Amino acid sequence: MISPSGFERHPDLYFADGDVVLAVKQTPKSEDEDSEKQPKYQLFRVHKFMLKLHSPAFANFFADASAAPAEVYDGVPLAEMHGDKAEDFALLLSYLYKPSSFVFKRHDPKTPGIVSGVIRLADKYLIEPLHHRLVQQVCDDWPTTLNDYDVHQAEIDALESLPERSAEFFSYRLVRAGTPDPISAILFAREFGCPQILRAAFYRLSLTRATEYWSFATSTGEWPPAPLARLAALDKGDLLRYIHGCQKLRDYEAPITALMCEECVMPWLVCEEEDPPLDGAHPCYQYLARLFELTRDTSRSPVHGDPLRWLGRCFDYYKMPELSKEHFPHGLCEECGEKLPLKLAGARQRVWDSLAEWFNVP
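So for the sequence shown, this note's numbering puts the first residue at 3; every next one is plus one.
This is the structure:
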């Protein structure tokens with residue numbers, strides 16, 4: 003029998019006309035509270051028809067006379083929901099009663115942790131629409147194409163471009179709240195079967211500073227604030243994938259000759275040596291080599307050059323004073339100049355496509 007001394011009615015999900023009270027044990031907020039002998043319960047007074055409408059498990063429970071609650075509270079049957087968490091159960095009921103208000107902030111790093119428990123409850127009580135909705139909520143925060151990745155990265159860059167200090171470090175909080183946590187995403191994808199987000203999550207993780215801290219956080223004392231990755235949460239297989247992918251990205255070389263026209267690249271095709279001499283006869287090569295030097299130097303990645311970023315910066319080569327006529331009188335030949343944007347786009351797409359192989363994910 004549950005002792006009423008530990009009861010606490012939920013402020014929004016305790017309906018006066020409900021015909022059953024469900025008691026869910028609350029998670030202790032501190033070690034002192036955890037040591038108390040008397041557990042505390044959150045009470046939800048709800049309607050059987052609502053639960054039966056959405057959940058075959060609840061429909062069977064209420065139809066089974068032998069499983070009917072024997073205790074009574076506030077004039078209606080009282081049933082304890084064994085093994086459930088009050089905060090997760092409250093979100094599940096919010097979805098049933100107030101689906102329009104059941105929303106989460108985009109790119110919130112806390113979302114996977116919040117919804118994981120609710121998804122487990124949805125599976126337990128056979129509420130498939132809730133399972134699919136919450137899994138999709140997390141998936142929507144992670145790009146699955148290069149175009150989507152560029153849009154997401156542009157949003158993060160826009161937040162980072164805000165002034166370093168504003169009222170109460172408001173811009174700092176914006177960056178933190180607008181950057182999803184790659185570790186949480188990887189763990190979520192493994193548990194709930196959404197491998198399509200792993201490519202972007204591992205790449206984001208490879209751009210994130212590693213630390214032994216267990217909980218997701220951001221570093222202080224610098225701008226833009228750098229996320230901290232809790233690598234200790236990864237299992238051995240995913241940790242090896244992370245290391246292998248970082249090594250591949252670190253070893254990625256600028257595809258200079260692949261960006262040149264056939265005429266300009268011909269010396270590399272016919273030369274018996276690994277590379278022909280870099281003299282004035284190869285102005286396009288020298289131009290592109292300098293371009294990659296300029297773009298790679300500005301990367302903030304702690305373990306590799308972030309090829310998606312620096313190849314993207316190359317599109318603005320004509321704006322760079324270091325590549326002006328003063329430094330490169332010949333510039334690029336006409337054909338190399340015309341084809342460079344298209345070839346840069348192709349190089350970035352190949353990097354994106356290669357991430358699946360480098361991190362050994364779908």
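Using N, Cα and C, we set each Cβ at its ideal position, and we do this for glycine too. It should be emphasised that the depicted structure is a prediction, and the values quoted were computed from it without experimental measurement.
Element boundaries [beta strand (DSSP E), containing residue i]
i	result
D253	Segment: none, D253 is in no beta strand (DSSP E) and carries neither H nor E.
V120	It is not in any beta strand (DSSP E) - V120 instead sits in the alpha helix (DSSP H) that spans 113-126.
Y287	Per DSSP, Y287 belongs to no beta strand (DSSP E); it is in the alpha helix (DSSP H), 285-298.
Y320	Neither: Y320 is in no beta strand (DSSP E) and is coded neither H nor E.
Residue environment, residue i, which counts as buried when at least 16 other CB atoms sit within 10 Å
i	result
L55	exposed
V371	The requested residue 371 does not occur in the structure, where the chain is confined to residues 3 to 364.
R352	exposed
P182	buried
T210	buried
P197	exposed
M268	exposed
R47	buried
L53	buried
D159	exposed
V117	buried
V74	exposed
S217	With a pLDDT of only 47 at S217, under the threshold of 50, the placement of this residue in the model should not be trusted, and no figure is reported.
Residue of the options minimising C-alpha distance to residue i
i	options	result
R243	I258, P257, L207, A260	L207
G339	R352, Y319, P323, E328	Y319
F9	V23, A124, K42	K42
R135	P145, W144, A124	A124
G115	E89, A260, G239, E265	E89
C141	K327, L189, L233, V23	L189
P111	L251, G307, Q28, P184	P184
A349	K327, L310, E336	L310
R298	R252, E337, T259	R252
K345	G333, K321, L290	L290
C286	S103, K327, A235	K327
Beta-carbon spacing of residue i, residue j below 8 Å
i	j	result
F106	Q139	yes
L357	Y205	yes
V120	L94	yes
L26	Q40	Reading off the sequence shown, one finds Val at residue 26, where the question assumed Leu. Not in contact: V26 and Q40 (Cβ atoms no closer than 8 Å).
Y151	S57	no
D14	V78	no
A256	F294	yes
L342	L261	yes
A202	W144	yes
F380	G247	For residue 380 there is no data in the structure shown, the boundaries of the chain being 3 and 364.
L132	M83	no
Opposing strand residues paired with residue i [DSSP bridges]
i	result
F46	L24
A81	L24
E10	Q44
E73	L80
Y16	R47
Span of the alpha helix (DSSP H) around residue i
i	result
Y97	88-99
E157	148-162
V353	336-360
E193	184-194
W312	309-315
F60	58-65
H134	130-141
heavy atom of the ligand SAM below 7 Å from residue i C-beta
i	result
F63	No copy of the ligand SAM occurs in the structure displayed, which carries no ligand at all.
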